[in-house]
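Residue numbering for the sequence shown follows my numbering, starting at 15 and increasing by one per position.
Cβ coordinates follow ideal geometry from the N, Cα and C atoms, glycine included.
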Amino acid sequence: IFGIETKAQDEQAIVTATEEAQNLDLIAVMNLFKESNNLEEFEKLLNDPVKGINNLDLNHDRQADYIRVLETIDGNYRVIVLQSVIGQNDFQDVAVINVERTSQKTVKVVCQGNTVLYGDDYYVEPETEVYVHIYNWPIWTALFAPHYSYYHSPYYWNYYPNYYNHYYVVSYYDYYGRI
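Here's what the structure looks like:
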C-alpha cells in the first residue's frame, strides 16, 4: 500500500494539476512497480489494457499512449523515467521513480510526477516506510544484481512490442473504478 505525501500548506484535498494526470494514478503505478520482476515486465504491465493502469492520452487521439521505461544508473542510484510516446519524435516525461540503495538490505524509493502534469511536489512513496527492505519487492533482485545492465525501452512511435495493441481511453469514473 502506498500513500501520497505532499508539501501542502493546509489540509485540503490533493489534486493533480491537469486532467491528463488523473489518467495515470501514480499510486497504482508504484504498486505495479513493486510487483514487477524487472523493468521490462513493468513496462509491459504498465501498458496492459487488462490491468488498466495507463489511461493517459497526451496527444488527444482517444487512445492510451504507450509509456516506455528508461533507466539511468549512477552507483547505488537508479533513475527510472516513465515517458509517454505521443508522436513521431515527441515524448513526454510523465513520472520518475528514484531509487537509492542505502545498504545491502534497504533502498529508498520515491515516485515523482511531472510538475507540468501533476503540479509541484506531487510524489508517492511507500506508506509505512521510505526505506524498503530489499527482499520485499521482486524488482530489487533484478535492479541490484551484480552484473545488471540498465534498461532502456527500444520502443517508439509506431514501433511497439508484438503483444501491444492500442486501446481506447475510458472515462474518469470507469478508470478509477477499475484500478
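For D71, there is no enclosing beta strand (DSSP E), as DSSP marks it with neither H nor E. Per the C-alpha coordinates, the member of F56, D135, R76 positioned closest to I100 is R76. Secondary structure in the stretch 105-189: the beta strand (DSSP E) runs of 3 residues or longer, each lying completely within the stretch, are 120-127, 137-140, 145-147 in chain order. The stretch 165-179 and the stretch 128-139 do not touch, with fewer than 3 CB-CB distances between them shorter than 8 Å. Taking 8 Å as the cut-off, the beta carbon of N51 is found no closer than this to the beta carbon of I193. C-alpha of G191 to C-alpha of Y164: approximately 35 Å in a straight line. Under DSSP, S98 forms a beta bridge with I81, Q106.
When beta bridges are read from the DSSP output, R92 appears opposite I87, V113. Distances from the CA of L46 to each of C125, Y177, P175 were compared; the closest alpha carbon is that of C125. Here N69 is buried, its C-beta having at least 16 other C-beta atoms within 10 Å.
A42 is positioned such that its CB atom lies no closer than 8 Å to that of I81. Distances from the alpha-carbon of P160 to those of G89, E33, N176 put G89 closest. Counting along the chain, the unbroken alpha helix (DSSP H) around E49 starts and ends at 40-49.
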